[in-house]
Amino acid sequence: MKNAVVFLATGFEEIEALGTIDVLRRGGVRVMMVSIMGDRLVIGAHDIPVMADYLFEEADFSCVDALILPGGIPGSNHLNAHAHLKELVKEKTEEGVLIGAICAGPMVLGGLGLLKGKRATCFPFFEPTMVGAIPTDNGVEQDGNIITSKGPGFMFEFGLTILRNLKDEEIALEVADALLYDALLHGTRH
């Protein structure tokens, strides 16, 4: 079974975090929700409380296949200020682990120098935080083992891209079909 971690911090964007978790779990990925706040109860940007599975200090990151950084303000700022999280992201990126960052989340990758020379996207006006990146206007961008996304409106595409990488195209298409994703995109009846 593939394993992913979604990091939660006060002020995280709920749609980006929880929607991505839902898409991945539907596809058979084991997803751990990890709080970096010292408390398992984390309040999102829109005052939705979420109970994380683990505190950062308790979690075992030895067998992870993907690390995911949701956006939201101040959630992304908290992620960017967490030294141990940044060390982990850098280490796992170098190991070839899949890294996903959405909305303002790519600021963490930019600050670590992980986007240098890579195509990446983020929430509008956060492009300067993607230090060294080749910014694109795409909703989701993948360059090597790094997947970035513009924001909450692209959550399904973001989650399905991560799922496609962790599992395969067939499973991603099955999940997309069950979510009526194609009908959403094309206004078709299912």
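Letter 15 of the sequence shown, counting from 1, is numbered 916 in our numbering, and no numbers are missing. Using N, Cα and C, we set each Cβ at its ideal position, and we do this for glycine too.
Chain-order list of residues whose beta-carbon lies under 8 angstroms from that of Y955 (same chain, five-residue window excluded): M933, M934, V935, S936, R941
Per DSSP, the bridge partner or partners of D1044: I1047
Coarse secondary structure for S977, derived from DSSP in three states: helix
Any C-beta of chain C under 9 angstroms from that of I1035: Although the question refers to chain C, the structure presented lacks it and comprises just one protein chain.
Buried versus exposed, by CB contacts within 10 Å (16 or more), P971: buried
A1005 versus E988, F1026, V907, residue with shortest Cα-Cα distance: Checking every option, the nearest Cα to that of A1005 belongs to F1026.
The stretch 1022 to 1037 in contact with the stretch 1048 to 1065 per 3-pair CB rule at 8 angstroms: yes
Of the residues M1056, E917, N904, R927, the one placed nearest E1071, counting alpha carbons only: R927
Beta carbon of K903 nearer than 9 angstroms to that of D961: no
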